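Here's the structure we're looking at; comments come further down.
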Amino acid sequence: MTLHATSLRAVLAALALAVPAMADDWYPSRHGADDTLGAINFLSPDKVVQAARLVTTGKTYALGVPTGPDSPAYGPRRYAMTVLQLDDGLGAPLAANGITSNDDLLQTWMGIGSQIDGLGHLGIKHRYYNGKHASEFVTVTGLTTFGIETLPPIVSRGVLLDMAAHFGKPMLEAGTVFNSAEIKAAASAQNVRLEQGDVVLFHTGWLSLSETDPERFMAGEPGLGEDGARYLGELGVVAVGADTWGLDALPGDKADELFPAHQELLARQGVYVLENMDTRALVADGVQEFLFVLGQPRFVGAVQAVINPVAIR
Numbered sequence: 003m004t005l006h007a008t009s010l011r012a013v014l015a016a017l018a019l020a021v022p023a024m025a026d027d028w029y030p031s032r033h034g035a036d037d038t039l040g041a042i043n044f045l046s047p048d049k050v051v052q053a054a055r056l057v058t059t060g061k062t063y064a065l066g067v068p069t070g071p072d073s074p075a076y077g078p079r080r081y082a083m084t085v086l087q088l089d090d091g092l093g094a095p096l097a098a099n100g101i102t103s104n105d106d107l108l109q110t111w112m113g114i115g116s117q118i119d120g121l122g123h124l125g126i127k128h129r130y131y132n133g134k135h136a137s138e139f140v141t142v143t144g145l146t147t148f149g150i151e152t153l154p155p156i157v158s159r160g161v162l163l164d165m166a167a168h169f170g171k172p173m174l175e176a177g178t179v180f181n182s183a184e185i186k187a188a189a190s191a192q193n194v195r196l197e198q199g200d201v202v203l204f205h206t207g208w209l210s211l212s213e214t215d216p217e218r219f220m221a222g223e224p225g226l227g228e229d230g231a232r233y234l235g236e237l238g239v240v241a242v243g244a245d246t247w248g249l250d251a252l253p254g255d256k257a258d259e260l261f262p263a264h265q266e267l268l269a270r271q272g273v274y275v276l277e278n279m280d281t282r283a284l285v286a287d288g289v290q291e292f293l294f295v296l297g298q299p300r301f302v303g304a305v306q307a308v309i310n311p312v313a314i315r
């Protein structure tokens with residue numbers, strides 16, 4: 003599945019005509035000029051213990067969607083699996099005990115399906131988290147800084163904010179933007195308080211379109227605005243995710259900007275982005291707080307990674 007070229011044409015045309023000036027006073031990071039982990043610094047053993055106390059039933063929820071050729075993907079990303087027989091290629095048994103086997107070769111982009119965006123994914127004029135310039139860490143064989151393999155497991159309190167319910171709709175429309183005011187109102191209505199070290203997920207209802215109308219799903223999305231991203235980053239949340247392919251609203255509230263919430267979270271705040279999170283079962287069960295567990299794959303030098311976080315209540 004790819005995003006049709008026409009879906010971003012208007013935005014890119016506007017960008018070519020008017021790229022707003024951005025101040026360089028967003029670095030160094032509050033975690034120190036040499037920091038490379040960002041908001042993960044807000045995790046702690048105490049936070050894990052507190053989050054574990056949220057588990058009362060032991061029920062688990064897979065937040066990742068199955069990854070395959072039809073997984074939601076920002077074009078031109080692709081997935082291709084090849085299964086190989088590790089013998090003579092004819093399936094003939096090996097050795098006296100007749101051993102046979104299969105292996106697999108996967109050729110895929112890391113940013114496909116349910117994924118985590120690392121701090122080296124999206125920047126501002128070639129500067130990434132903590133002001134680090136692309137020339138300092140980007141190579142064709144992998145990132146030398148911000149690689150996914152450097153991240154510790156992310157285990158913390160998860161909070162689900164039902165933005166579809168906040169707007170009184172089963173599914174938000176593409177281009178619906180929610181910012182700090184809407185986030186605060188939704189949290190208040192759910193009687194939950196966002197705290198430092200949390201993982202915050204938004205339910206918009208959009209993910210279901212990936213199964214029923216994939217072209218519409220990839221042509222736009224409801225999502226987080228820059229003001230909302232700044233609010234969450236300043237709170238000290240560790241990661242922000244949604245049931246959409248790109249977290250940001252598309253189109254957004256500024257016609258000449260593209261993915262401003264990503265820039266605010268990743269580059270300025272060091273907050274990780276989680277995309278295509280399957281929040282449907284959590285909403286169906288009325289789950290608002292949970293233990294969030296993510297042991298991301300440790301691919302050396304990777305910018306992003308396919309993930310399947312687990313929510314436990």
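Just so you know, we're using the numbering used here here: the sequence shown kicks off at 3 and counts up by one.
Where a beta carbon is used, it is the ideal one built from N, C-alpha and C, also for glycine.
Predicted model only: the values in this text are computed from it and were never measured.
(message) Using only CA atoms, which one of Glu151, Leu163, Val312 and Gln271 lies nearest to Ile126?
(response) By 1-based counting over the sequence shown, the position of residue 126 is 124. It is Gln271.
(message) Using the three-state DSSP reduction, which class does Met279 fall into: helix, strand or coil?
(response) Here residue 279 refers to the residue found at position 277 when the sequence shown is read from its first residue. In the three-state scheme derived from DSSP, where H, G and I count as helix and E and B as strand, Met279 is classed as coil.
(message) Is the separation between the beta-carbon of Ser182 and that of Asp229 shorter than 8 Å?
(response) Looking up residue 182 in the sequence shown gives position 180. Looking up residue 229 in the sequence shown gives position 227. Yes, the pair counts as a contact, with Cβ atoms nearer than the cut-off.
(request) State the Cα-Cα distance for the pair Phe261 and Asp250, rounded to the nearest angstrom. (result) Numbered from its first residue, the sequence shown carries residue 261 at position 259. Numbered from its first residue, the sequence shown carries residue 250 at position 248. Annotation: Phe261 to Asp250 spans about 6 Å, alpha carbon to alpha carbon.
(request) Spatial neighbours of Val67 within its chain, please: CB distance less than 8 Å, with the 5 preceding and 5 following residues excluded, ordered by chain position. (result) Stepping through the sequence shown from its first residue, residue 67 is reached at position 65. Excluding residues up to 5 positions away in sequence, Ser73, Pro74, Gly115, Ser116, Leu209, Ser212, Asn278 and Asp280 lie with their Cβ nearer than 8 Å to the Cβ of Val67 in the same chain.
(request) Note down the Cα distance separating Leu86 from His123, rounded to an integer number of angstroms. (result) Your numbering for residue 86 matches position 84 in the sequence shown. Your numbering for residue 123 matches position 121 in the sequence shown. Cα to Cα, Leu86 sits roughly 32 Å from His123.
(message) When you compare the stretch 288-306 with the stretch 190-206, are there three or more beta-carbon pairs, one atom per stretch, that lie closer than 8 Å?
(response) Judged by Cβ distances under 8 Å, the stretch 288-306 makes contact with the stretch 190-206, as three or more pairs qualify.
(request) Please look up how many angstroms separate the CB atoms of Val179 and Gly227, rounded, as I've assumed it's under 8 Å. (result) The sequence position of residue 179 within the sequence shown is 177, counting from 1. The sequence position of residue 227 within the sequence shown is 225, counting from 1. Between Val179 and Gly227 the beta-carbon gap is near 4 Å, inside 8 Å, which marks them as a contact.
(request) Give the secondary structure of His128 by DSSP, where H, G and I count as helix, E and B as strand, and everything else as coil. (result) Locating residue 128 in the sequence shown gives position 126, where the first residue counts as 1. Looking at His128 - three-state DSSP - the assignment turns out to be coil, as it is neither helix nor strand.
(request) With a floor of 4 residues, list each alpha helix (DSSP H) that falls wholly inside the stretch 19-103, ordered by position along the chain. (result) Those alpha helix (DSSP H) runs which fall completely within the stretch 19-103 and span 4+ residues are 47-54.
(request) Tell me whether Ser31 is buried or exposed, calling it buried when 16 or more other Cβ atoms sit within 10 Å of its Cβ. (result) The residue given as residue 31 occupies position 29 in the sequence shown. Classification for Ser31: buried.
(message) Between the alpha carbons of Ala23 and Leu107, how many angstroms are there, rounded?
(response) For the purposes of this step, residue 23 is identified with residue 21 of the sequence shown, where counting begins at 1. For the purposes of this step, residue 107 is identified with residue 105 of the sequence shown, where counting begins at 1. Note on Ala23: pLDDT 42, under 50, position unreliable in the model; the coordinate value appears next. Counting only the Cα atoms, Leu107 lies some 45 Å from Ala23.
(message) So, with DSSP's three-state summary, where would you put Gly177?
(response) Position 175 of the sequence shown, counted from the first residue, corresponds to residue 177. In the structure shown, Gly177 sits in coil (DSSP, three-state: anything other than H, G, I, E or B).
(request) Measure the alpha-carbon distance for Ala241 versus Leu88 and round it to whole angstroms. (result) Here residue 241 is taken as the residue at index 239 of the sequence shown, counted from 1. Here residue 88 is taken as the residue at index 86 of the sequence shown, counted from 1. Distance between the alpha carbons of Ala241 and Leu88 is about 40 Å.
(message) To the nearest angstrom, how far is the alpha carbon of Arg315 from that of Leu267?
(response) Within the sequence shown, residue 315 is the residue found at index 313, counting from 1. Within the sequence shown, residue 267 is the residue found at index 265, counting from 1. Approximately 27 Å, taken between the alpha carbons.
(message) Using only CA atoms, which one of Gly160, Asp215 and Glu197 lies nearest to Glu236?
(response) Here residue 236 corresponds to residue number 234 of the sequence shown, with the count starting at 1. Checking every option, the nearest Cα to that of Glu236 belongs to Glu197.
(message) Within the continuous beta strand (DSSP E) that includes Gln117, where are the two ends?
(response) On the sequence shown, position 115 is the one that residue 117 refers to. For Gln117, the enclosing beta strand (DSSP E) starts and ends at Gln117 to Asp119.
(message) Looking at the secondary structure, which residues open and close the alpha helix (DSSP H) in which Phe219 lies?
(response) Counting from one through the sequence shown, the residue named residue 219 turns up at place 217. Phe219 -> alpha helix (DSSP H) spans Pro216 to Ala221.
(message) By the DSSP assignment, the alpha helix (DSSP H) with Ile185 in it spans what residues?
(response) The residue you call residue 185 lines up with position 183 of the sequence shown. It spans Ser182 to Gln192 - the alpha helix (DSSP H) in which Ile185 sits, taken as one unbroken run.
(request) My understanding is that Met112 touches Gln306, with C-beta atoms under 8 Å, so please give their C-beta distance in whole angstroms. (result) Along the sequence shown, read from residue 1 onward, the residue named residue 112 stands at position 110. Along the sequence shown, read from residue 1 onward, the residue named residue 306 stands at position 304. Separation of the CB atoms of Met112 and Gln306 is rounded to 4 Å, and the pair is thereby assigned contact status at 8 Å.
(message) I'd like the span of the beta strand (DSSP E) that includes Ser158, first residue to last.
(response) Translated into the one-based positions of the sequence shown, residue 158 becomes position 156. From DSSP, the beta strand (DSSP E) with Ser158 extends over Ile156 to Asp164.
(request) Take every Cβ of the stretch 32-46, pair it with every Cβ of the stretch 155-173, and state whether three or more of those distances are shorter than 8 Å. (result) As far as the Cβ criterion goes, the stretch 32-46 touches the stretch 155-173, which means the pair count is three or higher.
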